[in-house]
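Some notes on the structure that comes next.
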Amino acid sequence: MSKLIQFLVVYFLLVGYLLGDAQSQAATADLDRVLALPGQPPVGFKLYAGNVTVNAEQGRDLFYVFAQCSNDVSGTKPLVLWFNGGPGCSSIASGFSQENGPFRILPGGAGLTVNEYAWNTEVNMIWLESPTGVGFSYSRLNMADNTGGGDARTAEDAYNFLVGWLDRFPQYHGRDFYITGESYAGHYVPQLAKKILERNAVSPLKINLKGYMVGNPDIDNYWDYTGDIDYYHSHAMISTETYQGLKKNCNFLEGDCCSLLCNDFFTKMYSEMGNIDPYSIYTDVCVHSNANKMQSMWTRKNPMMLRRGMRAGYDPCSEDKAEIYFNRPDVQHALHANTSGVIPYAWTQCSEILHNNWTDAPLSMISIYHELIASGLKIWVYSGDADSVVPVTSTRYSIEAMNLPIVKPWHPWYDHQQVGGRVVVYNGLTFVTIRGAGHQVPLLQPGRFLQLLKSFIAGENLPGSPS
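Listed below in structure tokens is the structure:
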């Protein structure tokens with residue numbers, strides 16, 4: 001009898017502890033609840049935002065925004081993480097408020113309007129500002145972490161973020177999980193995927209990674225640069241003489257392209273291109289935009305910075321709106337951002353100093369792709385065909401260099417009776433183009449971007465005929 005009593009005492013103590021721990025986690029998540037953003041229209045989903053500590057010793061915190069799926073009756077919808085690139089650009093400014101997030105910012109940063117093509121209509125979405133020094137992500141103890149970085153630390157911190165976030169939101173542990181992003185996220189995403197698989201093999205915490213999808217991604221320096229030059233010439237952006245001079249005098253293979261003669265041809269190239277938005281070559285530029293000035297400044301400092309440069313915005317001035325809105329004190333208060341007030345600078349879409357001090361950037365991701373393909377992950381790569389910064393030619397060349405067998409040859413796919421782009425299915429990887437889209441696909445083709453997500457998550461072919 002006494003043993004039974006002892007068992008019951010231990011049992012109820014354990015149950016009480018577990019319930020208390022669950023309540024504590026729920027309370028922490030509740031502290032991150034965003035009841036409403038300033039100027040936000042009514043919505044039918046919950047929004048959360050806050051910081052997760054990823055390195056206590058260095059005081060590194062990463063800032064996130066999380067939007068629950070607005071259509072998750074079954075409670076089984078996947079969890080998707082989104083990165084923007086740079087390196088040094090904010091996923092809150094770009095992804096959340098300009099691309100696949102639930103809102104778009106009104107002119108002058110006056111408020112928000114609903115994005116009917118938001119990804120959280122299909123999945124549960126996290127937008128992460130990464131690494132520290134980007135947006136509201138910050139190191140409290142080591143300023144150097146806010147002004148420089150590299151790929152390896154970024155992957156480690158992103159993994160630690162996921163562990164901390166899932167502890168805060170344990171109801172999402174075990175959900176199908178996907179990593180997505182664009183541009184320099186072509187490094188972030190596969191490196192984080194590899195990190196998760198490595199940690200899953202040795203850690204009791206298993207993140208249920210199913211796959212990843214990256215858009216207009218940096219994959220391989222040589223093929224990226226080569227594809228840039230070919231794209232400029234094939235789209236009548238530069239002369240044949242300049243094209244031939246670049247091909248002859250610039251050493252893209254070694255990752256140290258820019259001899260004096262090569263630089264001269266880059267100068268000619270920019271002069272011939274004119275004042276265009278290289279991220280969407282058929283749209284107008286924001287003439288007085290801070291983003292346009294910053295892009296020009298960085299390009300002058302390094303001719304090849306254009307390819308890895310910070311993204312210019314559309315409407316065409318979306319960056320200006322983001323910087324106004326996210327620097328509003330009431331917006332920061334609603335987002336639980338910079339609550340300690342220790343960040344000594346204004347919020348910006350992209351960090352120039354972090355970008356310029358990036359020190360750890362492997363020249364190629366192709367070997368990681370081979371590892372991840374062998375692991376059985378679902379891998380899709382997409383490309384807006386009006387982007388000249390990481391153009392479709394660069395992505396095609398990089399993927400073709402992987403020497404993967406073709407399962408389904410190049411063919412058109414359709415969205416609402418129109419050609420949405422083209423697709424080729426390889427053994428282990430699907431490559432999709434989006435017709436009429438630039439570097440940020442959803443700004444010009446939001447419907448096609450949402451169809452891309454639906455097909456990717458479902459593991460289905462994109463529609464192959466008009467419907």
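Heads up: the sequence shown begins at 1 in full-length UniProt numbering, then just goes up one per residue. Just so it is clear, CB atoms sit at the ideal spot from N, CA and C, and this is done for glycine as well.
Rounded separation between residue i and residue j - CA only
i	j	result
Y279	V425	26 angstroms
R300	N275	Any reading at R300 must be qualified, since the residue scores a pLDDT of 35, below 50, and its modelled position is unreliable; the value itself is stated next. Looking at the two C-alpha atoms, the distance is approximately 13 angstroms.
E371	G181	19 angstroms
R104	V73	25 angstroms
Q58	V52	13 angstroms
F449	T430	15 angstroms
Y184	S90	12 angstroms
L260	L197	44 angstroms
P41	L192	34 angstroms
N427	Y325	44 angstroms
H411	L404	17 angstroms
T240	P78	48 angstroms
Q171	N216	33 angstroms
residue 480	N84	Summary: the structure shown does not reach residue 480, with the chain confined to residues 1 through 467, and so no result is reported for it.
R435	S203	42 angstroms
N249	H233	16 angstroms
G95	P463	25 angstroms
F136	G245	43 angstroms
V381	K408	15 angstroms
T283	S271	18 angstroms
L81	D264	41 angstroms
Proximity below 8 angstroms, CB of residue i to CB of residue j
i	j	result
G174	N208	yes
M269	I238	yes
V342	R60	no
A49	N120	no
E323	W358	no
I457	V114	no
V392	S383	yes
F45	A337	no
A386	I219	no
G101	G39	no
Y188	S130	yes
D360	G211	no
Own chain, CB closer than 7 angstroms to residue i, minus 5 neighbours either side, in chain order
i	result
P446	Y117
L162	I207
E99	Q440, P442, L443
H355	G86, P87, G88, M310
K454	E122
W223	S394, Y397, S398, A401
N200	K206, I207
S375	L197
Own chain, CB closer than 8 angstroms to residue i, minus 5 neighbours either side, in chain order
i	result
K194	A155, I368, E371, L372
T433	Y382, S383, G384, D385, V392, G421, R422, V423
L47	R33, V34, L37, V65, F66, A67, Q68, P102
Opposing strand residues paired with residue i [DSSP bridges]
i	result
V424	F431
L209	F177
W380	M213, T430
N263	The partner list for N263 (beta bridge, DSSP) is empty, contrary to what the question assumes.
A67	L47, M125
T113	R104
G149	W358
V34	L47
R60	N55, S139
D220	S364
C89	C350
Chain B contact for residue i (CB, 8 angstroms cutoff)
i	result
K247	The question asks about chain B, but that chain is absent: this structure has only one protein chain.
Residues near residue i in its chain [Cβ-Cβ closer than 6 angstroms; skip 5 each side]
i	result
P466	Y414, Q417
V54	R60, L62, D157, N160, F161
S296	Only weak support is given to the placement of S296: the predicted model assigns it a pLDDT of 41, under 50, and the question is left unresolved by the model.
S351	G88, G133, V134
F252	Y222, Y225, T226
DSSP-derived helix/strand/coil call for residue i
i	result
T242	helix
F136	coil
D415	strand
E182	strand
I368	helix
V189	helix
V73	coil
W82	strand
W347	coil
V407	strand
F284	The sequence given here places Asp at residue 284; Phe does not occur at that position. If DSSP states are grouped into helix, strand and coil, D284 belongs with coil.
R199	helix
E460	coil
G39	coil
D330	helix
D230	helix
Residue i Cβ short of 7 angstroms to the ligand NAD heavy atom set
i	result
S259	The model depicted lacks the ligand NAD and carries no ligand whatsoever.
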